[in-house]
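Participant: Sharing a structure here in structure tokens format.
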Amino acid sequence: MTRVPHPDILCIGSVLWDVIGRAPLHMRQGSDVPGRITRLPGGVALNIAMTLARFGMRPALLSAVGRDPEGCELVQACEGLGLMTGHLYRSEDLPTDRYMAVEGANGLIAAIADAHSLETSGDKILRPLLDGTLGSEAAPYPGPIALDGNLTVGLLDEISRHRAFARADLRVAPASPGKADRLLPFLGTGRATLYVNLEEAGLLAGRQFDSSPQAAQHLVERGAARVLVTDGGNATSDADPDSFYTQTPPEVLVTRVTGAGDTFMAAHIAAEARGLTRAQALSEALGAAAIYVSGGHEA
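Shown next, in the form of structure tokens:
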């Protein structure tokens, strides 16, 4: 019998097709300009997994993917990227999710995330962590888990308290500013490291912040076990109740933004998995994100 390799990390959340339109011009509402439209494997959990694989890790995906032609094509693409897809929930009657965004030279103009199949699937995507395949309540999964906020509020709240996640190194991202408040259950549980940008930090806290150090300090005071707050080209901060680190990312020409936060998070997780110090891991993650936004590696 062929032995299935054990994953280095689980990536739980959205696995879908990204449809991205990019134009080299500044855009505003109603703009109609020439550009390029691409379709790529995407979703927060998948973007993180792809970057982790580039850093030599073996990620396993836990998500919902339809058995429609788009879903079969997506699973095949994921396997070609070195990702483990055997734990995906494959729905017979739900379509594969999609994300659509428009970007100009002045950044993201608009985006729509259609993650309805993931939300409808609910805790079905977590079965491998409950039935003994990867873990259970009696024997919780002991490794790192990257989790995104495309899951429902109820499911995220359950994960924040569930005994099956008690030993996991949970790393959580909100997926988008509109879903930042879904991370509220992780404030005060002492279980998760949160990855947010400055806008998301403000939405999570219910107030505005002027800088990442201010936001990070406030979220830790609110009960976050650990938080990393990015702010575009400005300083990024990594804080927990006992330590605080701040670094400024390298200056680069920004050519794209969709997927930058996912790249930062994945690079940071991979750096810490290799045993780098907090300061070294932050520097490496900022460097990887800078390469990405300047047009380097796809997320």
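First residue of the sequence shown? That's 1 in UniProt numbering, and the numbers climb one at a time after it. Even glycine gets a Cβ: it sits at the ideal position worked out from N, Cα and C.
1) Might you give, ordered along the chain, the residues of its own chain that have their beta carbon closer than 8 Å to the beta carbon of Pro250, omitting 5 neighbours on each side?
2) Determine the extent of the beta strand (DSSP E) in which Val65 is found, giving its start and end residues.
3) Under the DSSP definition of a beta bridge, which residues are partnered with Val220?
4) Quick one: using the 10 Å Cβ neighbour count with 16 as the cut-off for buried, is Arg163 buried or exposed?
5) How many angstroms separate the CA atom of Pro7 from the CA atom of Lys124?
6) At what residue ranges does the segment 108 to 188 contain a whole run of the alpha helix (DSSP H), taking only runs of 4 or more?
7) The alpha helix (DSSP H) that contains Gln76, what's its start and end?
8) Leaving out five residues on either side along the sequence, give the residues of the same chain with a beta carbon under 6 Å from the beta carbon of Asp169.
9) Between the C-alpha atoms of Glu73 and Trp17, what's the straight-line distance to the nearest angstrom?
10) According to DSSP, is Leu282 helix, strand or coil?
11) Give me the Cα-Cα distance between Leu155 and Asp148, rounded to the nearest whole angstrom.
12) Is the distance from the Cβ of Ala205 to the Cβ of Arg222 below 8 Å?
13) If we count the other Cβ atoms within 10 Å of its Cβ and call it buried at 16 or more, is Asn197 buried or exposed?
14) Suppose contacts are defined by Cβ-Cβ distances below 8 Å. Is Arg98 in contact with Val19 by that definition?
15) Ala146 and Ile37 - do their beta-carbons sit closer together than 8 Å?
16) Whose CA, out of Leu126, Leu183, Phe264 and Ala175, lies closest to the CA of Asp238?
17) Is the CB-CB distance between Gln217 and Ala235 below 8 Å?
18) Here's the rule: buried if 16 or more other CB atoms are within 10 angstroms of the residue's CB, otherwise exposed. What is Leu88?
19) Please report how far the alpha carbon of Arg256 lies from the alpha carbon of Pro34, in whole angstroms.
20) By the DSSP assignment, the alpha helix (DSSP H) with Leu52 in it spans what residues?
21) Straight-line CA distance for Val153 to Arg182?
22) Which of the three DSSP states, helix, strand or coil, is assigned to Val252?
23) Cutting at 8 Å between CB atoms, please list the residues of its own chain near Ser243, excluding the five before and the five after it.
24) Rank Ala273, Gly71, Leu203 and Ala271 by C-alpha distance to the C-alpha of Leu94 and give the top, closest one.
25) Identify whether Ala290 lies in helix, strand or coil by the three-state DSSP scheme.
26) Which class does Gln214 belong to by DSSP, given the choice of helix, strand or coil?
27) DSSP state of Thr230, grouped into three classes?
28) Can you list, in chain order, the residues of its chain whose CB lies under 6 Å from that of Pro128, leaving out five sequence neighbours each side?
29) So, helix, strand or coil for Met265, using DSSP?
30) Strictly by DSSP, which residues pair up with Ala23?
Facilitator: Judging by the given coordinates:
1) Leu286, Gly287 and Ala290
2) Ala64 to Gly66
3) Beta-bridge pairing links Val220 to no other residue.
4) exposed
5) 19 Å
6) 116 to 121 and 153 to 161
7) Pro69 to Gly80
8) Pro144
9) 10 Å
10) helix
11) 11 Å
12) yes
13) buried
14) yes
15) no
16) Phe264
17) no
18) buried
19) 16 Å
20) Val44 to Arg54
21) 5 Å
22) coil
23) Arg278
24) Gly71
25) helix
26) helix
27) strand
28) His87 and Leu134
29) helix
30) Answer is none; Ala23 lacks a bridge partner.
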